[in-house]
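Q:
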Amino acid sequence: MNPPFRRICLEYSEKPDRFAKMVLGFHLAPVQREWTANFLGNRFFHAAPRDHGKSTLYSYLLPLWEMVRNPEIRILLVGKTLDLAIR
C-alpha cells in the first residue's frame, strides 16, 4: 500500500463505519452499523434477506478495515462453492 494512502486509511481506522465513509465512500445503513457494532463485540451471525449488504460488509469492508489496522493479519473467506467464493 502506498504511504499516502496508508496514512489516510490509518487516520480513519478507529471505527469501521468512519473508515467505510471516508476511505471507501461507502455509507452504512443503520442495520449495517448495528452489525458492525456486533462484530466489534465478537458477535458475528446475522440472518437477513438478500440485498441487505451482508456480503459487502463481511467480505469486503470489515476484512479491508482489519488489514489496514493489522497488515500481518490473515483472513480466510469461505464460500459454499468455488464460483461463489470467487465472486
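Note that the sequence shown covers residues 308 to 394 in our numbering. Positions of the beta carbon are idealized from the N, C-alpha and C atoms, including for glycine. Please read all numbers here as calculations on a predicted model, not as lab measurements.
(1) Is it buried or exposed, LEU347, if we count other Cβ atoms within 10 angstroms and call 16 or more buried?
(2) By Cβ distance, which residues of its chain are closer than 6 Å to GLY360, with the 5 residues on each side in sequence left out?
(3) So, for ILE382: in the same chain, excluding its five sequence neighbours on each side, which residues have a beta-carbon less than 8 Å away from its beta-carbon?
(4) Express the C-alpha separation of ARG314 and ASP324 in angstroms, rounding to a whole number.
(5) When you compare only the Cα positions, how much space is there between ARG433 and MET329?
A: Put simply:
(1) exposed
(2) GLN339
(3) PRO370, GLU373 and MET374
(4) 17 Å
(5) With the chain covering only 308 through 394, there is no way to say anything about residue 433.
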